[in-house]
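Engineer: At position 123 of the sequence shown (counting the first as 1) the number is 123 in the UniProt record's numbering, and the numbers step up by one without a gap. Note that beta-carbon positions come from the ideal geometry of N, C-alpha and C, so glycine has one too.
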Amino acid sequence: MTLNIGVIGTGAIGREHIKRITNTLSGGKIVAVTDVNQESAKQAVEQYGLDAAVYPDDVSLVAANDVDAVFVTSWGPAHEASVLAAIAAGKYVFCEKPLATTAEGCMRIVEAEMKHGKRLVQVGFMRRYDSGYVQLKEAIDNKFIGEPLLIHCAHRNPEVNEMYTTDMAISDTLVHEIDVLHWLVDDDYKSVQVLFPRKSKYAHDNLRDPQIVILETHSGIIINVEISVNCQYGYDIQCEVVGEDGIVKLPEFQSITYRKNATLGSNILVDWKQRFLDAYDAELQDFMDSIKTTGEPNGPTAWDGYIAQVTADACVKSQQSGGKEEVVLADKPDFYKKGLETASL
Ligand code: NAP
């Protein structure tokens, strides 16, 4: 069975996903596209030689009879309406982060999905499909390092433009750590605090950079995440878990080492798209395969989208208050306890 997919939003990541469905992965076909910029949607059809209809908006695309599943890859504020429309039509949805830009919006999606009665939604938290994080998860689950106590992380980008604001360090950047770290230790966050060290000379006037985010889980694990979005040297993701019996660390992205001009070195990526290339492939293949085999997507749930948004909101509150902020989640519904939330490669 081929899963017929409609794509809402043919910008950067929308096109990346169209490309991987069309050229790399198996079991899916892009049959419909839309974008507020209709020219962009038409260009995407041409660029990838798609046999796909261009729809004027998300509602008409979702309603199309030949669309089985929808990819929501438009800008964040438009996600909630498209996801709700897809659920109302009983169609599967792969939604890029954020699921919605407010906790209330995420909860509306959670409630709509529960009312529908089976899982339809997967959120694009692709790090759960990265082989390095999967190995960390296996080590933690198998008690290889005993109970986890501390996690040190860094999320560094070479530079950002003037449009990038201080709160985007949370909503666009930290959000991937927020998701993958609670999944890694199978624990929810209790509180968060954001600290601002000395500002980098590369940060533009309206941006506080770097930032340190401290997250504490209910079992007492303390996590610190450095976010530096003007580090200059490359795109660099670090994660080291300190346990009672040892330490496990995310592998470096593979690169040859070289000896040249009295230097022993290896290259660091600059483009974020390259770092999680395999994980993007794996998340979408899993989305299609699990729908085919179980009738439901298997990856990060709408509830995970809700957790990420509530935690991100608390971080933004802490950026403003300077203090520790509680992360207050609703009780997890049984509906989301049954899911297989662990990716396997
Ligand atoms: P982008 O290049 O700006 O693409 C978004 C596209 O959606 C643009 O063509 C935009 O048109 C269009 N659009 C906006 N509102 C729409 C609507 N209501 N209906 C249909 N199309 C609409 O952004 P992007 O980098 O691809 O990001 C898209 C989403 O993916 C964002 O939510 C982002 O956070 C997420 N993302 C996730 C990852 C990840 O690592 N998982 C990476 C990158 C992005 P206009 O340009 O005319 O507004």
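Looking only at its chain, what residues have a beta carbon closer than 7 Å to the beta carbon of A63, apart from the 5 residues adjacent to it on each side?
Structural biologist: A89
Engineer: Going by DSSP in three states, H155 sits in which element: helix, strand or coil?
Structural biologist: strand
Engineer: Taking the alpha carbon of K118 as the point to measure from, which residue in T294, E326 and I307 has its own alpha carbon closest?
Structural biologist: T294
Engineer: Could you name the residues of the same chain whose beta carbon sits closer than 6 Å to that of W75, not counting the 5 residues immediately before and after it, in chain order?
Structural biologist: Here the set comprises nothing.
Engineer: Are the stretch 90-102 and the stretch 39-49 touching, with three or more C-beta to C-beta distances below 8 Å?
Structural biologist: no
Engineer: Taking the DSSP output, what are the residues bridged to A88?
Structural biologist: The secondary-structure analysis by DSSP pairs A88 with nothing; it has no beta-bridge partner.
Engineer: Looking at the strands, I want to know which residues DSSP matches up with N224.
Structural biologist: H152 and I214
Engineer: Could you check which residue in E162, K115 and A12 has the C-alpha nearest to that of Y336?
Structural biologist: The shortest CA-to-CA distance from Y336 to any of E162, K115 and A12 is the one to K115.
Engineer: For W75, is the beta carbon positioned less than 7 Å from some heavy atom of the ligand NAP?
Structural biologist: yes
Engineer: Would the C-beta of K97 count as close to the ligand NAP, meaning under 7 Å from any of its heavy atoms?
Structural biologist: A heavy atom of the ligand NAP is found nearer than 7 Å to the CB of K97.
Engineer: In this structure, what does DSSP give as the bridge partners for N4?
Structural biologist: K29
Engineer: Hey, I140 and V31: beta-carbon distance below 8 Å or not?
Structural biologist: no
Engineer: Thinking just about the alpha-carbon of each residue, which of S60, L184 and D209 is nearest to the one in L195?
Structural biologist: D209
Engineer: Let me check you understand the geometry: is the CB of D172 closer than 7 Å to at least one non-hydrogen atom of the ligand NAP?
Structural biologist: yes
Engineer: Check whether the Cβ of T102 sits closer than 7 Å to any heavy atom of the ligand NAP, and report yes or no.
Structural biologist: no
Engineer: Is V36 near the ligand NAP, with its Cβ less than 7 Å from a heavy atom?
Structural biologist: yes
Engineer: Determine contact between the stretch 21-30 and the stretch 46-54, defined as no fewer than three beta-carbon pairs at a distance below 8 Å.
Structural biologist: A contact is defined here as three or more CB-CB pairs under 8 Å, and the stretch 21-30 meets this definition with respect to the stretch 46-54.
Engineer: Determine the direct distance from the alpha carbon of M288 to that of M168, and round the result to whole angstroms.
Structural biologist: Rounded to whole angstroms, the gap between the alpha carbons of M168 and M288 is 31 Å.
Engineer: Flag D286 as yes when its Cβ comes closer than 7 Å to any non-hydrogen atom of the ligand NAP, and as no otherwise.
Structural biologist: No.
Engineer: Within 7 Å: the Cβ of S321 and any heavy atom of the ligand NAP?
Structural biologist: no
Engineer: Could you check whether the Cβ of M126 sits closer than 7 Å to any heavy atom belonging to the ligand NAP?
Structural biologist: yes
Engineer: What are the partner residues of K249, as DSSP defines its beta bridges?
Structural biologist: Answer is E240, bridged to K249.
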